[in-house]
Amino acid sequence: MQKPIQSSVDRAYDILRTEKANPLDAIFAAKSVAVIGASEKADSVGRTLLWNLISNPFGGTVFPVNPKRHSILGIKAYPTIFDVPELVDLAVIATPAPTVPSIINECVDAGVKGAIILSAGFKEAGAEGVVLEQQILEQAHRGKMRIIGPNCLGVMSPRTGLNATFASTMARPGNVGFISQSGALCTAILDWSFRENVGFSAFISLGSMLDVGWGDLIYYLGDDPQTKSIVIYMESIGNARSFLSAAREVALTKPIIVIKAGRTEAAAKAAASHTGALTGSDEVLHAAFRRCGVLRVNSISDLFDMAEVLAKQPRPKGPHLTILTNAGGPGVLATDALIAAGGEVAPISQETSASLNQLLPAHWSHGNPIDILGDADPQRYTKALEIAAQDPNSDGLLVILTPQAMTDPTQTAEQLKPYAHMAGKPILASWMGGADVAAGEMILNRNHIPTYPYPDTAARIFSYMWQSSYNLRGIYETPVMPALDSSLEIPDRNCVEKIIQTARQAQRTILTELESKQILAAYGIQVVVTCVAKTEDEAVQCAETIGYPVVLKLFSQTITHKTDVGGVQLNLKDAEAVRHAYKAIAESVSEKVGVEHFLGVTVQPMVKMAGYELIIGSSLDPQFGPVLLFGTGGQLVEIFCDRAIALPPLNTTLARRMMEQTQIYKALKGVRGRKSVDIAALEQLMVVFSQLVVEQRWIKEIDINPLLASSEQLIALDARIILYEPNVKEEQLPKLAIRPYPTQYSGKWMMRDGTPVTIRPIRPEDEPLMVQFHKTLSEQSVYFRYFHLIKLQSRVAHERLTRICFIDYDREIALVVEYQNPETQTREILAVGRLSKIHGTNEAEFAIVVCDRSQCQGIGTELLQRLLQVSRDEQLKRITADILVDNYAMQKVCEKLGFRIEETDDPTVVKAQIDIKKVHPGK
């Protein structure tokens, strides 16, 4: 076999390689910059901007553009962009807003590919500004120009020297990528960074995100090898799907820390007026951050503290912190801060306690915090730390030192150096005392042990670290396969569509309780038996068929909250009680809202309430579209406010994490002798509910309240569904923030030998099947796919397969060929074909691998044909693949389907490339 090519990148999941040119390079790696609006006027934006560019060499040329001046600051000026003698990469515009559309038009005609608009006066100024923005975008799209701004401070790239801002100073070079929507905050952070010695790989003022948004910049900084962490000041999220898609991919390798303005209603209004953008629920935004592994903090100092600590120390595996201190008070303060921030004090094991008893004076604290007393010398600190670090109950350590008579802060810091890198356990330090401990702090920081002047700050930082671990673990955990059985025809989508269309044709937006329950039942969610009665006699007949005791509820096409109008009567034990209840509901509804809202009642069995009342629902957020809710249900749902928010779609892992955020979850697991609810079944029910929300886009709001959960059953006692208004068209329905599972690409297919298989998009639950798939691959198949040999142990590592199976369908798709043995019903994957969009372009790359025993069965051709169809649906311009010269079979498949095979700079690799024809109208 040919000698393997050495590669530093595992092409199995890092298909999006950074050697590709990114359109944002025209901004961040510009070699020629035009300053349009350059000026000699003192303290003007145009003068400051030009001075910053020429006084910070970036390896490029600067061209002032001003029709009224021959030179500015001693540099030749040009009347228009057309007069500049070189092709310009980046235009920085500092002219009044009304002039900007025509300037962008000229820049596009001159071949400029990047622009920064510093000017204000666009959508934040009203309707006229919105029109200006639309004109700018039309011109930019014509020339594939990318724009940062408007209404921004500009961009700095401290490592290259580019300073395309009107800030007073240049940021220090470093490893933090900083993005802010507020230009004023940028200047404040810049001043703060000099005091705190913080350096930046990029310093970006984003403005109102007319074109380049969060997703573009997160991808760009994620690909930048100089950026180790990304910190963000956010006022509005803009394109939610783009942000979530980019953040989820990048957060797996680089921490993303966000401070979001607008937590309160007043602050949200201020943020909206500042950026001219719509703001959604802060609670939903927080759920979105959790979903994609982003850490949210509450202060600017925490923002950069977290960037530092996550670069120096490993994330904890749990919330339990061990506190080691030579003074009781600071330990107590740290404990309070830890608990308040969601962390927990680590319980000390008997073995650890026994070891500490042998080391420490008799009157040590005998608990956590571990108070080793005021006379502790460096040796006592290090020995106690070594014992505490070995305790399996501990997930991290905080060492507190207060300068006392016997204390040696400097030598103690020296002794702690060997503990800077403990496997899987972070260590933080709080050296209290100012100048007396400065030397010790310097030693610790130099050796990657973060220090904090106050122990409560350190404890809060540890809690944030755990929160970051928890968020990322939600991405990494492998969920359980959904329980839906296609043989039972569940979900019955035809039934649901008929109910919804009937209501829409009748101009109704509110479904009846019966219709709502029928939709739940169509998705396999158990509902209580419900009988509609439009007269007293019918109500009695229903009750006797069901069996007493029964419940009567208002039947109405206009009222959803039945209790508010006296529309519920419970525990009816005979016919007389039923008749009385029927009359009572009719009279109450007529009196409170009018007789036209009373259409009869529904009769249901009185279910024994031996369990917990839960609520599961979905409503619409203006930024994120449909969002899910889980929590304590019943009539007092608004009073208890015990709820968790999440974005659909869910899998079993995400469903459980949603439950874990509520107080009722502790009871569901079993408390005070009560049996536990079937948590696994509840997870599956929530997954199915989220599938209903994802698939049935005409549903605007839906809730099950209450869902009765006990050890024996999960049953929906009541349900409510509201549809979109009849005048809403399908193309106006809001999109999900996270692209759902693309069922349209699932289908049956027959191999050449007649074997039936299913070709479908990959799912997170496929990880165990992918492990077995990799065991079937020969060395040659591995080599042809990944360009070098990767050991099986590496190929099936959980962290790697997570990226392969748990993908963002907005960014990439992987189709698997699945075979199910008709005798054993076991399933196996025979092949995988992957198509991944290339950041910042309208192109994608593909890769295919087929298990050896299924080769020469037409699988490769079929998978590539389907990936080409996906490319057309996504309106991609081109797809490519790097193929080893020796891989003749793959080259033949590509040529058969119209690909061009071209040589590359690497003689061992060829490139297959095809231009995608435009989709015909109506596609």
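Here this note's numbering is used: the first residue of the sequence shown is 690, the next is one more, and so on.
Where a beta carbon is used, it is the ideal one built from N, C-alpha and C, also for glycine.
*Have a look at residue 1034 and residue 912 and give me their C-alpha separation to the nearest angstrom.*
Spanning the two alpha carbons is a distance of roughly 38 Å.
*Please check the pair residue 1217 and residue 1294, which I expect to be a contact at CB under 8 Å, by giving their CB distance rounded to whole angstroms.*
Cβ-Cβ separation between residue 1217 and residue 1294: approximately 6 Å, consistent with a contact (criterion under 8 Å).
_Secondary structure, alpha helix (DSSP H): runs of 4+ residues fully inside the region 1421 to 1508_ = Taken in chain order, the unbroken stretches of alpha helix (DSSP H) that lie wholly in the region 1421 to 1508 and span 4 residues or more are 1456 to 1464, 1468 to 1475, 1481 to 1484, 1487 to 1494.
*What did DSSP end up calling residue 886 once you bin it into helix, strand or coil?*
Here residue 886 sits in coil by DSSP.
_Assigned secondary structure, residue 1110 (DSSP; H/G/I helix, E/B strand, else coil)_ = Under the three-state reduction of DSSP output, residue 1110 falls in the coil class, being neither helix nor strand.
*Quick one: using the 10 Å Cβ neighbour count with 16 as the cut-off for buried, is residue 748 buried or exposed?*
Classification for residue 748: exposed.
*So what's residue 1369 in DSSP terms, helix, strand or just coil?*
Helix.
*For residue 1505, which residues from the same chain have a beta carbon less than 6 Å from its beta carbon, with the 5 sequence-adjacent residues on both sides left out?*
Apart from the 5 residues on each side of it in sequence, residue 1505 sits with its Cβ closer than 6 Å to the Cβ of 1451, 1518, 1521 in its chain, given in chain order.
*asked:* Checking the sheet assignment: what are the DSSP bridge partners for residue 1317?
replied: Listed as beta-bridge partners of residue 1317 by DSSP are 1307, 1335.
*Relative to the alpha-carbon of residue 1418, which residue among 1292, 1193, 1091 has its alpha-carbon at the smallest distance?*
Among 1292, 1193, 1091, the Cα nearest to that of residue 1418 belongs to 1193.
*By how many angstroms is the C-alpha of residue 858 removed from the C-alpha of residue 848?*
Going from the Cα of residue 848 to the Cα of residue 858 covers about 14 Å.
*asked:* Helix, strand or coil, according to DSSP, for residue 1098 in the structure here?
replied: Three-state result, residue 1098: helix.
_Whole-Å CB distance - residue 1674 paired with residue 1372, under 8 Å assumed_ = What is shown of the chain runs 690 to 1612, which leaves residue 1674 out entirely.
*Any chance you could list the alpha helix (DSSP H) runs of at least 4 consecutive residues sitting entirely within the region 1213 to 1241, in chain order?*
1225 to 1235, all fully within the region 1213 to 1241.
*Other residues of its chain near residue 1061: CB distance less than 8 Å, five sequence neighbours each side excluded*: So the list reads 1013, 1014, 1015, 1049, 1053, 1069, 1070, 1073, once near-sequence residues are dropped.
*DSSP three-state call for residue 1009: helix, strand or coil?*
Residue 1009: strand per DSSP, three-state reduction.
*May I ask you to verify whether the region 1426 to 1443 touches the region 1394 to 1410, counting CB pairs closer than 8 Å and requiring at least 3?*
No, the region 1426 to 1443 is not in contact with the region 1394 to 1410.
*How far does the alpha helix (DSSP H) with residue 1146 in it reach, from first residue to last?*
Residue range 1144 to 1165 is occupied by the alpha helix (DSSP H) that includes residue 1146.
_Nearest-angstrom Cα separation, counted from residue 745 out to residue 850_ = For residue 850 and residue 745, the distance between alpha carbons rounds to 6 Å.
_Within 10 Å of its beta-carbon, does residue 1120 have 16 or more other beta-carbons around it, so buried, or fewer, so exposed?_
Residue burial annotation: residue 1120 is buried, with at least 16 other C-beta atoms found within 10 angstroms of its C-beta.
*With a 10 Å radius around its C-beta and 16 neighbouring C-beta atoms as the bar for buried, classify residue 1168 as buried or exposed.*
So residue 1168 counts as buried.
*Just how far apart, CA to CA, sit residue 1562 and residue 1494?*
C-alpha of residue 1562 to C-alpha of residue 1494: approximately 22 Å in a straight line.
*What are the residues that DSSP puts in a beta bridge with residue 1573?*
BP columns for residue 1573 point to 1598.
*Which value, in whole angstroms, describes the spacing of the CA atoms of residue 802 and residue 765?*
One C-alpha to the other measures close to 23 Å.
_Check whether the region 834 to 847 and the region 896 to 905 touch, using three or more Cβ-Cβ pairs below 8 Å as the test._
Flag = yes, the region 834 to 847 and the region 896 to 905 touch.
_What does the alpha-carbon distance come out to for the pair residue 915 and residue 889?_
Straight-line Cα distance between these residues: approximately 9 Å.
_residue 1520, enclosing beta strand (DSSP E) - first and last residue_ = Membership of residue 1520 in the beta strand (DSSP E) is indicated by the continuous run 1516 to 1526.
*Just list the alpha helix (DSSP H) runs in the region 769 to 800, keeping only unbroken ones of 4 residues or longer that don't cross its boundaries, in chain order.*
Secondary structure within the region 769 to 800: the alpha helix (DSSP H) runs of 4 or more consecutive residues, fully enclosed, are 789 to 798 (chain order).
*Throw me the rounded Cβ distance for the residue 1228 and residue 1267 pair, which I believe falls under 8 Å.*
Between the beta-carbon of residue 1228 and that of residue 1267 there is about 5 Å, and that keeps the pair under the 8 Å contact cut.
*Which value, in whole angstroms, describes the spacing of the CA atoms of residue 751 and residue 743?*
Taking the straight line joining both Cα atoms gives about 7 Å.
_Using CA atoms only, rank isn't needed, just tell me which of 1360, 1390, 1262, 1289 is closest to residue 1307._
Checking every option, the nearest Cα to that of residue 1307 belongs to 1390.
*asked:* Once the 5 residues before and after residue 1351 are set aside, which same chain residues still bring their CB inside 8 Å of it?
replied: Closer than 8 Å at the Cβ level, and outside the excluded window around residue 1351, lie 1319, 1320, 1321, 1331, 1332, 1333.
*What's the gap between the Cα of residue 1260 and the Cα of residue 1303?*
Computed Cα separation, rounded: 20 Å.
_In the DSSP assignment, the alpha helix (DSSP H) including residue 1067 goes from what residue to what residue?_
Looking at the DSSP string, the run of the alpha helix (DSSP H) that includes residue 1067 is 1067 to 1078.
*Shortest alpha-carbon distance to residue 1544 belongs to which of 1449, 1009, 1444?*
Looking at the Cα atoms, 1444 is the closest of the given residues.
*Which residues in the same chain as residue 1335 place their Cβ atom closer than 6 Å to its Cβ, once the five residues preceding and following it in sequence are excluded?*
Cβ within range, chain order: 976, 1317, 1347.
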